[in-house]
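What follows is a short report on a single structure.
In the working numbering, the protein residues as written are 75 to 191.
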């Protein structure tokens with residue numbers, strides 16, 4: 075998997091967020107709310123694995139987290155999180171659906187953090 079570098083404000087989507095309430099499952103969509111403190115992409119903080127986001131209201135905490143990222147590109151010792159990389163939402167698995175149009179990180183997908191940076 076490869077795609078545009080994720081940035082603060084880029085959105086992730088989960089097709090079926092479910093917590094067991096009567097409105098579930100339902101799709102949700104929302105932006106990343108934190109990124110690198112010192113690495114910018116298109117003048118926005120770059121996203122890394124474990125960076126958080128918020129999504130539309132649901133019967134859970136309305137949160138998501140960057141789950142997978144680049145196997146070879148690290149930002150602040152965390153894997154770079156790109157468009158189409160997986161996200162873990164409060165009620166299901168989704169993916170980042172937005173990213174940089176001109177900063178493309180084209181390598182394999184990898185889960186977890188760590189590594190040199």
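Quick reminder that beta carbons are idealized off the backbone N, C-alpha and C, glycines included.
Option in the options with minimal Cα separation from residue i
{"i": "residue 147", "options": "173, 181, 170 and 114", "result": "181"}
{"i": "residue 136", "options": "100, 120, 119 and 157", "result": "100"}
{"i": "residue 105", "options": "174, 134, 81 and 97", "result": "81"}
{"i": "residue 177", "options": "118, 139 and 140", "result": "118"}
{"i": "residue 138", "options": "149, 170, 145 and 112", "result": "170"}
{"i": "residue 86", "options": "108, 109 and 140", "result": "140"}
{"i": "residue 107", "options": "161, 84 and 151", "result": "84"}
Contacts around residue i, its chain only, beta-carbon distance under 6 Å, and the 5 residues preceding and following it disregarded
{"i": "residue 88", "result": "102, 163, 166 and 168"}
{"i": "residue 143", "result": "123, 153, 154, 155 and 159"}
{"i": "residue 134", "result": "93, 164 and 165"}
{"i": "residue 98", "result": "92"}
{"i": "residue 109", "result": "82, 119, 120, 121 and 125"}
Span of the beta strand (DSSP E), counted from its first residue to its last, around residue i
{"i": "residue 162", "result": "160-163"}
{"i": "residue 102", "result": "100-105"}
{"i": "residue 137", "result": "137-140"}
{"i": "residue 88", "result": "85-91"}
{"i": "residue 167", "result": "166-170"}
7 Å CB neighbourhood of residue i in its chain, flanking five on each side removed
{"i": "residue 175", "result": "78"}
Buried or exposed (CB count within 10 angstroms, at least 16 for buried), residue i
{"i": "residue 115", "result": "buried"}
{"i": "residue 132", "result": "buried"}
{"i": "residue 179", "result": "buried"}
{"i": "residue 149", "result": "buried"}
{"i": "residue 112", "result": "exposed"}
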